[in-house]
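What follows is one structure encoded as structure tokens, with my remarks underneath.
Number of protein chains: 2
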Amino acid sequence: MKMLEQGLSKKKIEEILDKKLAKDYKYTSGSILGSMCTIPHKFAQKIFCKYMHKNLGDPGLFPETAKLEEQTVDEIGELFGGTGIVGSFTTGGSEANLIAMRIARDRRPDIKHPEVVVPLSAHMSFDKSADLLGIKLRKARLKNNFELDIDHFKSLINENTCGVVGIAGTTSLGLVDPIEKIGKMVTDTDIFFHVDAAFGGFVLPFLPQLGYSIPQWDFAVEQVDSITADPHKMGLNVIPSGGIFIKSENIIQKLGFEIPYLAGGNFKHLHIVGTRPGGTVVSFWALMKYLGNKGFRDIIHNCMKNTHYLSKQINKIDGVKLAAEPLMNILGITTESGESICELDKMLRKHDWMLGKFEEFNLIRIVIMPHVKQSHLENFVRDLEIVVKDIGLN
Amino acid sequence: MKMLEQGLSKKKIEEILDKKLAKDYKYTSGSILGSMCTIPHKFAQKIFCKYMHKNLGDPGLFPETAKLEEQTVDEIGELFGGTGIVGSFTTGGSEANLIAMRIARDRRPDIKHPEVVVPLSAHMSFDKSADLLGIKLRKARLKNNFELDIDHFKSLINENTCGVVGIAGTTSLGLVDPIEKIGKMVTDTDIFFHVDAAFGGFVLPFLPQLGYSIPQWDFAVEQVDSITADPHKMGLNVIPSGGIFIKSENIIQKLGFEIPYLAGGNFKHLHIVGTRPGGTVVSFWALMKYLGNKGFRDIIHNCMKNTHYLSKQINKIDGVKLAAEPLMNILGITTESGESICELDKMLRKHDWMLGKFEEFNLIRIVIMPHVKQSHLENFVRDLEIVVKDIGLN
């Protein structure tokens, strides 16, 4: 299609867009049950819109925004059981995990064929990163209950291992790996220990406050070197915003890319991207101040309530069951018989339920985001019962 | 710093932010002369704010936004002299260049030690990409006039070369490499040819319409396989938005990452990121429709007018000169004597001029973005004269 010579009016364009985009799914419709993203918080939206021009790729131009990032990283670091944590916002968990994997590789130039050990439940971004970085990914098996087979994990560590990864909130089920046990495996070694809490980072800190007992997963485990956590997932911040949180400046001192020509002066980038949104940093700073600990806790409380509601309903339906007891606001549904969930997924999708299919683990994932209401779940349970009957699972 | 237990009021937070961020530099103040980013167009801002929740990392949820992306890529492809161009928006030029470099490497698994030939003027993102991908970067010299030494470039191509890169709008001076000549070097080879037009992509197409004669740089050169162009630079779109434009689906068919578990269904990612802004796609679609060819041309016209104004003024000042005749809205200032520009840069920075320092090429870069007005340049020239005198360059 050729570009128009003369532009259209704003009004006309907005009308076209309204029509064109009408068939996109809407978080508010109640049919999106399988997404880890949601509508950003209204206040975060407002603040972002005010500061969207800020470019942290050239921090000398926006020194106060850069300071705000430091403060926010520090505050999040403390939420994650650390002190003096450094790092920065990223475009999301994938960039954050890539940065961590690069650190793991580049800290060990002595290893010619670097390997990183991850659980089989690790996010796709580790496959992407390994592909980019020329790292061999060693994937540790899961046990039947989807927990990490820690003995197998340990057996994969060898003299080529430059990094190990634990997941605090797996993509498929929201489970937390035994971070303390992995930590012990790397004590007194030069192996970098990264925790991927892209989703869990803004859920787990609030669970103990709500009376849930959860395993240690953060900087409180002293061997943990870095953590990924995404403000644009459960932090309700504007897309794109991830975060990489690093235990100490020493770790990255020699690993940045020097950028000498910026308008703001000389700077070192740890990032893959050059131009880098500052608006999402300001909006998340503002959101943390607005919600406070209590605000986030209330949101998680509500998500967990809905999670328990759905758990109970699923337990009542013959033919399907929970893949695991949910630890956070993620649920896995599988068949009681062990039959493939593919048909179930297909039929539910026909009923317009947008879910996550994990064929490898034979489960359908539901993420109980803040946009998911109990009424949506009631509708879903009704359809689930019908579909289970229709395809003869019960 | 610890997170607040109870949040503050929105009003209070906005007050704090206004105060805190007051010392960030402002594009409108007229002192930012060295940035390739600017204030996004107001209409793009408005549209983005309406659609910021859209996540193209899960395109099945937003199929109409995904279609809009296809259309926009197609339209930009045509602007770049191609037909049936595929590709997508990225988080910026660095991710786009990384994707291109990965394609170059992965299309040639037969090469054990892959090399890519780039001009010495290539952007930092090629160094980053090469570091990540384990590619050896071969940098071709520039001639004294900052043009690519094409013979040296050719001499660096060997049996390990999986890719070559030409720049259409160098970071330092906005020059365009001899894309046709590079194209001829890779005719009938399996070497991938990528053009980095991150900045130039939304300048060059409009220059011939304004009567400027420019070298061929785009898909009109038949050997060009892919182009990087950033909507968030001269496209005036919201940060972060880059773009990777690829000549044919065949090139990438085997190179994506399969993501099976998305709420929207099965999809293949070419990207490094997972969650991916859809709002910037919608806003740029809208901006292209709003400005049309004429709107962009008028903006470029104005930038070029200011560029010529500044060129003339610099030519009048004894002690400094243009590093090269500007081809687009980027100017390089160097010393007539060949003396280092470091002191000049330092003194100008003391006068609060935010410029780009390219020590390697001994030049100070000025980017005449749409936020730069002639009055800003008048002020700058006045200070430049003073500083040149003060440090005895004349």
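Sequence lines, in order, name chains X and D.
Numbering-wise, the working numbering puts 156 at position 156 of the first sequence, and it's gapless, one number per residue.
Numbering-wise, the working numbering puts 1252 at position 252 of the second sequence, and it's gapless, one number per residue.
In this text, a Cβ means the ideal position worked out from N, Cα and C, and glycines have one as well.
As the structure is a computational prediction, the values presented were derived from the model and not from experiment.
Sequence-distant partners of F1219/D (beyond 5 residues in either direction) whose C-beta falls short of 6 Å from its own C-beta, in its chain, are F1080, G1081 and G1082.
Counted as a single uninterrupted DSSP element, the beta strand (DSSP E) harbouring Y261/X occupies residues F257 to L262. When the beta-carbon positions are compared, A1044/D and V1238/D come within less than 8 Å of each other. As a beta-bridge residue in DSSP terms, H1194/D pairs with V1165/D and S1226/D. Residue-level contact check: S248/X does not touch chain D, since none of the beta carbons of chain D fall below 8 Å from its beta carbon. M1369/D has no beta-bridge partner at all, per DSSP.
For D24/X, at least one C-beta of chain D is nearer than 8 Å to its own C-beta.
The segment 1082 to 1092 of chain D and the segment 1290 to 1305 of chain D do not touch, with fewer than 3 CB-CB distances between them shorter than 8 Å.
Classified as exposed, K1023/D has fewer than 16 neighbouring CB atoms from the shown chains inside 10 Å of its CB. Counting only the Cα atoms, F380/X lies some 46 Å from K1128/D. The Cβ neighbour count for Y1261/D, taken over all protein chains shown within 10 Å, is at least 16; the residue is labelled buried. Fewer than three beta-carbon pairs drawn from the segment 352 to 368 of chain X and the segment 1009 to 1019 of chain D are found closer than 8 Å, and the two stretches are therefore not classed as touching. By DSSP's assignment, S1088/D forms a beta bridge with I1244/D. Per DSSP, P1119/D is one residue of the beta strand (DSSP E) stretching across E1115 to P1119. The beta carbon of N315/X lies closer than 8 Å to those of K321 and L322 in the same chain, with the five residues before and after it left out. Interface flag for N362/X against chain D is unset, since no Cβ pair is found closer than 8 Å. Listed as beta-bridge partners of F1358/D by DSSP are L1363/D. Per DSSP, reduced to three states, the secondary structure at I333/X is strand. Excluding residues up to 5 positions away in sequence, D1058, G1060 and L1061 lie with their Cβ nearer than 8 Å to the Cβ of A1263/D in the same chain.
In terms of beta-carbon proximity, G84/X stays away from the interface with chain D, with every pair separated by 8 Å or more. Considering only beta carbons, the part of the segment 1230 to 1247 of chain D lying closer than 7 Å to chain X consists of H1232, V1238, I1239 and P1240, in chain order. In the DSSP assignment, N1306/D forms no beta bridge with any residue.
Interface criterion not met: the Cβ of E1115/D is under 8 Å from no Cβ in chain X. The beta carbon of P326/X does not come within 8 Å of any beta carbon belonging to chain D, so the residue lies off that interface. Ranking A1229/D, L1377/D and T1275/D by CA distance to the CA of A1100/D puts A1229/D first. Comparing alpha-carbon positions, the option among E1385/D, T1072/D, I1368/D and L1384/D lying closest to S1035/D turns out to be I1368/D. When the five nearest sequence neighbours on each side are left out, the beta carbons in the same chain lying within less than 6 Å of the beta carbon of F296/X are those of F206, in order along the chain.
Three or more pairs of CB atoms, one per stretch, sit closer than 8 Å, so the segment 111 to 121 of chain X contacts the segment 157 to 169 of chain X.
As far as DSSP is concerned, A1286/D takes part in no beta bridge.
Closest option to F361/X, judged by alpha-carbon separation, among S311/X, G338/X and P326/X: G338/X.
With contacts defined by Cβ atoms closer than 8 Å, L1132/D and L1098/D form a contacting pair.
Note that the C-beta distance between D1383/D and L1327/D is not below 8 Å. Here V273/X carries a coil assignment [DSSP, helix/strand/coil]. Under the Cβ criterion of 8 Å, D1218/D is not counted among the residues facing chain X.
Here N1394/D is actually not in contact with V1387/D; their C-beta atoms are around 10 Å apart, not less than 8 Å. Closest by C-alpha distance to N329/X, out of H308/X, G292/X and K11/X, is H308/X.
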